[in-house]
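Asker: Residue numbers (the UniProt record's numbering): 77 to 322.
This is the structure I want to talk about, given as structure tokens.
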Ligand code: BTN
């Protein structure tokens, strides 16, 4: 609350804006938001389609004073905040596909891209960018099987500013809870309520290879607990893996 929000009618990527603002000395809590992005980016180098007038594209700048290895939890804090805000605001049932895709009726309505600038031993800053499909009426054929918007799921046009405000308020609260233990202990139960992977078969692709198992939940650091057929539980770190439902 009470932080500066930079609004861009049109920009390249709000993550890049937030990183530039950080380099210029902008404080913890600064937000960059755009109506349209010309170079919106998703995870794994993908493009994030960002047309004007429909959706929410924003990036939050944080300057946490905990160790870099704790920062991956922040993405999950944002995922939970978006899920809670959309659920309360739009009255939809909202799921989280670990670690940070937000889904409604099995299709993605929001993705999160977190980037960090780390010096040895401490975090310079973290930027957490989220794109929420709010009022878009149509998706290109190739992504309409996996993506949707709040409009398509509720047949209602939603006011974007109010929804964003709701997301940021919830993040502020959840972040306070996160700081108490510097991990997800305090919000783990809430996160798990939204987690769609629980008790579902998943395939984990990580740099070491590929395996299948049943997702059982997350631990307090945000790692996914996957039970292998052989019995053991493997912890999967959010960094480099992709998890596919089967
Ligand atoms: C994903 O691949 O699921 C992550 C998508 C993240 C998109 C958001 S939109 C606002 C911010 N700016 C970007 O260029 N990307 C993020």
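Each residue gets a CB set at the ideal place from its N, CA and C atoms; glycine is no exception.
Just so you know, these numbers come straight off a predicted model, no measurement behind them.
Please name the residue in 151, 254, 305 and 300 whose C-alpha comes closest to that of residue 272.
Answerer: The shortest Cα separation from residue 272 among 151, 254, 305 and 300 belongs to 300.
Asker: Note the first and the last residue of the continuous alpha helix (DSSP H) segment covering residue 243.
Answerer: 236–257
Asker: I need the straight-line Cα distance from residue 110 to residue 84, nearest angstrom please.
Answerer: 5 Å
Asker: Closer than 8 Å is the cut-off here; do at least three beta carbon pairs connect the region 150–162 with the region 259–276?
Answerer: yes
Asker: Pick helix, strand or coil for residue 305, following the three-state DSSP scheme.
Answerer: coil
Asker: Between the alpha carbons of residue 310 and residue 128, how many angstroms are there, rounded?
Answerer: Straight across, the Cα-Cα distance linking residue 310 with residue 128 is about 42 Å.
Asker: Any idea which residues DSSP pairs residue 123 with across the strands?
Answerer: 117
Asker: Using alpha carbons as the reference points, say which of 295, 270, 162 and 288 lies closest to residue 148.
Answerer: 295
Asker: Residue 281: buried (16+ other C-beta within 10 angstroms of its C-beta) or exposed?
Answerer: exposed
Asker: Residues in the same chain with beta-carbon distance under 8 Å from residue 290, minus the five sequence neighbours each way, listed in chain order, please.
Answerer: 275, 276, 277, 278, 302 and 303
Asker: Helix or strand or just coil, what does DSSP make of residue 193?
Answerer: strand
Asker: Taking 8 Å as the cut-off, does the region 158–175 touch the region 193–205 (at least 3 CB pairs, one atom from each stretch)?
Answerer: no
Asker: Please list, in chain order, all residues of the same chain as residue 253 whose beta carbon is under 6 Å from its beta carbon, the five residues on each side excluded.
Answerer: 262 and 263
Asker: Look at the alpha carbon of residue 72 and the alpha carbon of residue 239, and state the distance between them as a whole number of angstroms.
Answerer: Nothing in the structure corresponds to residue 72, since the chain is present only between 77 and 322.
Asker: For residue 208, which residues of its own chain have a beta-carbon under 7 Å away from its beta-carbon, when the five flanking residues on both sides are left out?
Answerer: 131, 132, 158, 185 and 186
Asker: Kindly list the residues whose CB is nearer than 8 Å to the CB of residue 286, restricted to its own chain and excluding five residues on each side of it in sequence; keep chain order.
Answerer: Excluding sequence neighbours, residue 286 sits near 279 and 280.
Asker: Is the closest heavy atom of the ligand BTN to the C-beta of residue 188 under 8 Å?
Answerer: Checking the Cβ of residue 188 against the ligand BTN gives yes.
Asker: Using DSSP bridges, identify the partner residues of residue 313.
Answerer: None, per the DSSP bridge assignment.
Asker: When DSSP labels each residue in this structure, what does residue 212 get in the three-state scheme?
Answerer: coil
Asker: Give me the Cβ distance between residue 189 and residue 114, rounded to the nearest whole Å; I'm assuming they're in contact under 8 Å.
Answerer: Between residue 114 and residue 189 the Cβ distance is about 16 Å, and since that is not below 8 Å, they are no contact.
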